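Have a look at the structure below before the remarks.
Residue numbers (the UniProt record's numbering): 1 to 1156.
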């Protein structure tokens, strides 16, 4: 390049309004390196360009123009007297006074609309060299053969860029060896992938070198790329890929992904790091699990927990066991025996008592040692055996908190069960784990001996060049772009928004530099670049008067990590596919879009001479012990923070106050999230304090740790700390909070995260129940584009190590897909036609022997009971399925519903929140006997729904009393309970069940804000259990008709319910009020947990749960600002409001008329 050509960095030139028809746009390329944009019209002359360049100290230059870049250009003006060039330029001086418009576009016919034009500024010396080369007419390949040494830029797998001296006369194998030596010098050690794994590629090209012994200059594709590099020395044309031959592991997971219709991520260094670390986890877990099961095979079918809280609410000390004998135990036909035993004796002792009673009362000598037998939970394959206390078996605990009088079990031979386990669970040889050498190791920086640069040394402002967008929708005329750097759920500097003029129908050329007021020095490792495009006109109208979301002008958005998972600063030109209909979305992952026709954003990140790695500032460990002198007002303000709820918002002044006084709160575990929210993540010193804060803080509970998985906490140390504290959860608690844990995977910046490893380990350690739930929870959302590849990667790694359970899960998936296909076909028919074909088609759906239903892995079925299966009469034609129970001596069939076409995730979430509420009540010695039935989404808008036996809707009870008048009859609940409970004892039990479950659903539905309550989704069982179904609306989203809100009651509580409690004012009614108030206050004490759980679900896409403000209804209904006595009074008022609601009565009456 000409040494006399000098250019200062030009500040960005912002365009005028995008809808101004008077302006065209000019893109000025300087030195083939910097591109700047400016508006111009008919009155803009060449002197404006000359003044603009020379004001920025640009000298000895020539201005050229052509509408097609990289072809023959036409010189317009030269800044110094050079006869060779002046001869080529006609009227050089007139350029200063001539309109740019006429120079750029002499054909006026195409200027009736806004246009974009290109202008080039080169040094005179460079231009003369180009003219000389052109005069030689030397073929480009010949030129590169004569000049063998060239400087090229290579993008590395770590997304850094290095300069490399390429000798084009060498073979690619030799070039790879030279690159290896270069990388060793740059990174300071030889612990990097060896040269045999290198592949030199051309960016944005599918061309691949097949033979490493080929000479570079003999490859036309590579020579053409080299020509492009030489013409533009600062561009990045080449990239280095690191590849290895696909291992058996890779081939297996690709096949597994295909069978489950999954989509694996590209095999990058990060993905390989994930696979390698998960392989190591699998090996550890598999070894321990196999050792345990080999030593005691029965554990494979046991569900035990020794860490669950005591059963405070259980009034039983004795268990009534009714036992059937499995065939073959005796030669005599024996039906079985019943015993009463304490719940704290071991399973083996209970078996001894059973055998003793059989021998005594049946006059039979079994003649075998009781240790040769086990108990099976009737209707399932779940085992109860060994010296474990009965109360530690989950099925026994569930029986104890239920109101069932008898627990049905079966006595079976231990040897037969062990043989069955050996032939199934232990029959599959564990998959061979991949060798470490099968993966490309991540590139690490040596901080002591390398040429790499720590980001703390880079203080220049962060500048990003937005080049343009491809595949842009033609219908959008005026486009806006917003660029931001975000961390968690906040921007860490002011976003920059600019309007641009649209070029062709499918491409927008921007070439606009964006300079942020922060430097790489202050970027946290979790920082992301966010680029969004929007319809400028539509968004302007939307901001004036917000309309529905579909009218807000959002076109597409992407998030891109500023650093790789190994800590390298991303550099160079990048093209990424954007996600449609998003705008500055903090919940978007950094994955590329896989949507068809996705817009492609092309942008340049700063390139530095050597790779840049993220490092942490060094601080004094005592720094976080700083304390400030406080005023009386500040002391009072600090005290209020200790009661701030999960939806509370901190002002900048609040954050400063909390951070400066963080040492005061070290013993308050609830303050940790607020302290972590209060630090400045653009301050390296404050970020460096995070490990010290976490280490010195009071121990937090695993439920408090859930809060730290919120997307606002993006720091790696914080999220790792949260996962470490989740280890205190037992398996049942993990299953209880599985929804939130899986959702939190979406908020991880990288696929390889501590949370992903935690879920994999715990799922593999207990595959029958916890692993089963993890699989289906991941599968239920694996269709969602933004997280499809991440969930797919976790799934295939999970099933690779799950052994024999993989066959069971695969069979379950195939079974659900057959049902989906059948439903899709039947939905095209009338209900009558669908009913006629249903049972015929159902015969073709294969059920293997000992098929474990996805709904409950304990249930084993082997056939449909076709006469009891039916298509239900509704638009989406859900299936009522009845199966033959394959468990020995089972007399009850297995019933379930399968539904397609509705998003069941909201029902699942509602029921899960209710189960958590029930768990909290039981921890506080209150059992409200809620019947939270099961819902299992198995994919996109599909899943199973548990059928609750012996139940009826309030609608049916009302209509039995008369279509017009049934809703006004107060005795329907009382009559139903009396009809189905003929003795005083069973009737009293049913009324107790009704009182407690009504209180539970009153409080839970009030706090959750269940809407669209009507007699069709209120149910009661014969034994008195009251419950709700069908949770299509919640969080106070009450339905409206023509602006009229049809519901005004806080929850459903009808006069019939009050009458079943003895009527208003009765002792039972007062007890119902007091019980409800007590339950309400327990939830208020745990408000942060409930709201945090809802906050973690914001990324699901559930329409009524999109932003934190949607949860305000729950917060308001908890009335957190009052005492418990005041809250009890408030809830009793809610009861009265619900009972007195005229709207509820009218709505129920209309509903019954319509559905009848």
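By construction, the Cβ of each residue, glycine as well, lies at the ideal position given by its N, Cα and C atoms. All values reported here derive from a predicted model rather than from experimental measurement.
CA nearest to the CA of residue i, picked from the options
{"i": "residue 787", "options": "746, 807, 28", "result": "746"}
{"i": "residue 811", "options": "840, 839, 776", "result": "776"}
{"i": "residue 1157", "options": "525, 752, 495", "result": "In the structure as shown, the chain begins at 1 and stops at 1156. Residue 1157 is therefore absent and cannot be evaluated."}
{"i": "residue 468", "options": "973, 422, 390, 531", "result": "531"}
{"i": "residue 673", "options": "634, 287, 714", "result": "714"}
{"i": "residue 435", "options": "248, 1036, 196, 65", "result": "248"}
{"i": "residue 373", "options": "360, 362, 387", "result": "387"}
{"i": "residue 681", "options": "528, 761, 829", "result": "528"}
{"i": "residue 1055", "options": "197, 974, 1035", "result": "974"}
{"i": "residue 222", "options": "807, 152, 765, 641", "result": "152"}
{"i": "residue 353", "options": "341, 364, 362", "result": "341"}
{"i": "residue 157", "options": "281, 574, 235", "result": "574"}
Residue span of the beta strand (DSSP E) that contains residue i, given as start and end
{"i": "residue 324", "result": "318-325"}
{"i": "residue 24", "result": "24-30"}
{"i": "residue 917", "result": "Element bounds for residue 917: not the beta strand (DSSP E) but the alpha helix (DSSP H), 905-923."}
{"i": "residue 697", "result": "Segment: none, residue 697 is in no beta strand (DSSP E) and carries neither H nor E."}
{"i": "residue 165", "result": "161-167"}
{"i": "residue 150", "result": "149-155"}
{"i": "residue 863", "result": "860-864"}
{"i": "residue 1187", "result": "Outside the shown range of the chain (1 to 1156) lies residue 1187, about which nothing can therefore be said."}
{"i": "residue 529", "result": "528-535"}
Helix, strand or coil at residue i [DSSP, three-state]
{"i": "residue 1028", "result": "strand"}
{"i": "residue 1145", "result": "helix"}
{"i": "residue 138", "result": "Bear in mind that the predicted position of residue 138 carries a pLDDT of just 49, short of 50, making it too unreliable to give a figure here."}
{"i": "residue 983", "result": "coil"}
{"i": "residue 242", "result": "strand"}
{"i": "residue 595", "result": "coil"}
{"i": "residue 69", "result": "Caution applies to residue 69, whose pLDDT of 41 falls short of 50 and renders its modelled position unreliable; the model cannot decide the point."}
{"i": "residue 833", "result": "helix"}
{"i": "residue 176", "result": "helix"}
{"i": "residue 557", "result": "strand"}
{"i": "residue 575", "result": "strand"}
{"i": "residue 964", "result": "coil"}
{"i": "residue 1154", "result": "helix"}
{"i": "residue 605", "result": "strand"}
{"i": "residue 386", "result": "coil"}
{"i": "residue 398", "result": "helix"}
Extent of the continuous alpha helix (DSSP H) run through residue i
{"i": "residue 1157", "result": "Residue numbering for the chain in the displayed model covers 1 to 1156; residue 1157 lies beyond these limits and cannot be assessed."}
{"i": "residue 46", "result": "46-54"}
{"i": "residue 776", "result": "772-779"}
{"i": "residue 1134", "result": "1124-1140"}
{"i": "residue 418", "result": "414-423"}
{"i": "residue 875", "result": "Run containing residue 875: none; DSSP gives neither H nor E here."}
{"i": "residue 946", "result": "Note, residue 946: premise wrong, no alpha helix (DSSP H); beta strand (DSSP E) at 942-946."}
{"i": "residue 815", "result": "805-826"}
{"i": "residue 104", "result": "100-104"}
Near the ligand GDP: residue i beta-carbon under 7 Å from a heavy atom
{"i": "residue 234", "result": "With respect to the ligand GDP, the structure shown offers nothing to examine, as it has no ligands at all."}
Answer yes if the region 1020-1032 comes into contact with the region 925-937, meaning at least three C-beta pairs across the two stretches below 8 Å, and no otherwise.
yes
Identify every run of the beta strand (DSSP E) within the region 1001-1086, keeping only runs that are complete inside it and at least 3 residues long; order them along the chain.
1018-1021, 1026-1028
Counting beta carbon pairs with one atom in the region 252-267 and one in the region 164-182, are three or more of them shorter than 8 Å?
no
For a minimum of 3 consecutive residues, which ranges assigned as the beta strand (DSSP E) are wholly contained in the region 476-521?
478-487, 496-501, 507-515
Sufficient close CB pairs (3 or more, under 8 Å) joining the region 1037-1057 to the region 1128-1143
They touch, by the three-pair rule.
If contact is defined by three or more beta carbon pairs under 8 Å, each pair taking one atom from either stretch, is the region 941-949 in contact with the region 1096-1116?
no
What runs of the alpha helix (DSSP H), each 4 residues or longer, lie entirely inside the region 702-787?
702-707, 716-726, 731-736, 738-744, 754-765, 772-779
Do the region 877-888 and the region 741-759 make contact, defined as three or more Cβ pairs closer than 8 Å?
no
Check whether the region 417-428 and the region 789-809 are in contact - that is, three or more C-beta pairs closer than 8 Å.
By the criterion of at least three beta-carbon pairs nearer than 8 Å, the region 417-428 is in contact with the region 789-809.
The region 607-616 contacting the region 727-738, beta-carbon criterion three pairs below 8 Å
no
Would you say the region 707-722 touches the region 682-693, given that touching needs at least three Cβ pairs under 8 Å?
yes
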